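Chains as they are written, first to last, in this note's numbering: chain W, -3 to 187; chain Z, -3 to 187.
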DNA sequence: ACCTGAACACCGTTCAAGT
DNA sequence: ACCTGAACACCGTTCAAGT
């Protein structure tokens, strides 16, 4: 008899999973090097698969970029968790934003691919990753406010907006993102 | 004899100038409505000319967008001049930035076309328009500092960076640009 | 000189055929 | 089921022919 008969989808065949992993790995390397200039055909040949296989795994170019960016949100969320738990004074939010800048800067190519692929939307996480992040950011804000280090009206929306600005400055090289961070963090202080 | 024989280029024929004006007018209307989604063929047919004529006047899509955006810099510079001359206290720079936001918001379609067309560059003016603007912004900063309303280390680069952030927030609708302005202007105050 | 638009080039995406 | 790659579609740009 077959090993399992649950209605839930079974684990993918090994070669299918490996193809997917190869495509993602190739995409991450190429986007890191050349940003939004990489073509779908390049990703396919770098991954050693046919172009059709890329589209079997990722419905469109944007979906591939989105998937390649998922690492980031995991990284950022993990850092936020540790900052949120470890911070003793009210500086958690500032450290969070600095880390966001560092992650966006470290892989500027992917940052610009994301921004270019999403027509109107910002560079925020989607779905449940977003919900989890929102929860952590909310807690960082509460702690900052409790410590008297943050304006009472500081909100999660501010943090997303500022992240988008960091992304924009880094992507366009229109200035020094650490300087922007200084200005904005200053603006977030009470009084 | 011909009216003039200077080596300087003569005035363009009337129909050529009219074609150029029609193309720009069509481009401005279309970009305002549909942002970066407008196609070169659409611009041509909306202007009532062949596609080749569009390319005779503007070497590439980006050049057309750049030209369509020139109005903006004239608008902004004029406002900066009047603010610079009229402001009594140190609020000139804040009013300047608010006006930039209003201009970018008023024609969001063009704003996003500009950002999408320029791969890496920001949404700053180029050439001599930039030089003139820089001069005025520099004076606004000096006056703000003299009035004790601005940090001593505030620089023209900060203003360009902030303008780029306003553009990003407005384009991606990732937040309330007036809120961003409040935060940043607060961060630019001394102490 | 300038205008026209058919044609080309490029690249994202599809789909019939193969395994 | 999944893979392949030739072919299609779309759109920016060019250029030979016309005025």
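Where a beta carbon is used, it is the ideal one built from N, C-alpha and C, also for glycine.
Being a predicted model, the structure only gives us computed values, none of them experimental.
Reference residue i, options the options, closest by Cα
i, options, result
"residue 154 (chain Z)", "W:140, W:164, W:142, W:179", "W:179"
"residue 30 (chain Z)", "Z:167, Z:132, Z:183", "Z:167"
"residue 57 (chain Z)", "Z:101, Z:69, Z:109, Z:97", "Z:109"
"residue 129 (chain Z)", "Z:143, Z:104, Z:80", "Z:80"
"residue 185 (chain Z)", "Z:49, Z:161, Z:146, Z:66", "Z:146"
"residue 86 (chain Z)", "Z:171, Z:150, Z:176", "Z:150"
"residue 102 (chain Z)", "Z:125, Z:67, Z:89", "Z:67"
"residue 93 (chain Z)", "Z:137, Z:32, Z:11, Z:111", "Z:137"
"residue 144 (chain W)", "W:107, W:69, W:187, W:104", "W:187"
"residue 165 (chain W)", "W:18, W:104, W:90, W:132", "W:104"
"residue 17 (chain W)", "W:98, W:159, W:60", "W:60"
"residue 135 (chain W)", "W:125, W:182, W:83", "W:83"
"residue 75 (chain Z)", "Z:152, Z:33, Z:183, Z:132", "Z:132"
"residue 8 (chain W)", "W:90, W:53, W:177", "W:53"
"residue 124 (chain W)", "W:73, W:28, W:163", "W:73"
Cβ of residue i within 8 Å of any chain Z Cβ
i, result
"residue 92 (chain W)", "no"
"residue 161 (chain W)", "yes"
"residue 144 (chain W)", "no"
"residue 183 (chain W)", "yes"
"residue 96 (chain W)", "no"
"residue 99 (chain W)", "no"
"residue 34 (chain W)", "no"
"residue 168 (chain W)", "yes"
"residue 179 (chain W)", "yes"
Residue i at chain W interface by Cβ criterion, 8 Å
i, result
"residue 153 (chain Z)", "yes"
"residue 175 (chain Z)", "yes"
"residue 209 (chain Z)", "Here chain Z has residues from -3 to 187 only, and residue 209 (chain Z) is not among them."
"residue 106 (chain Z)", "no"
"residue 116 (chain Z)", "Its pLDDT being 46, under 50, residue 116 (chain Z) is placed unreliably in this model, and the coordinates cannot settle the point."
"residue 157 (chain Z)", "yes"
"residue 132 (chain Z)", "no"
"residue 78 (chain Z)", "no"
"residue 171 (chain Z)", "yes"
"residue 136 (chain Z)", "no"
"residue 165 (chain Z)", "yes"
"residue 89 (chain Z)", "no"
Three-state class that DSSP yields for residue i in the structure shown
i, result
"residue 84 (chain W)", "coil"
"residue 187 (chain W)", "coil"
"residue 45 (chain W)", "coil"
"residue 39 (chain Z)", "helix"
"residue 15 (chain Z)", "helix"
"residue 99 (chain Z)", "helix"
"residue 30 (chain W)", "helix"
"residue 9 (chain W)", "coil"
inquiry  = My parser needs the alpha helix (DSSP H) runs of 4 or more residues fully inside the region 55 to 81 of chain Z; what are they?
reply    = As far as the region 55 to 81 of chain Z is concerned, its whole alpha helix (DSSP H) runs of at least 4 residues are 57 to 64.
ask   = Mind pulling the alpha helix (DSSP H) runs of 4 or more residues that sit fully within the region 113 to 185 of chain Z?
value = Qualifying alpha helix (DSSP H) stretches, in chain order: 123 to 142, 152 to 168, 173 to 183.
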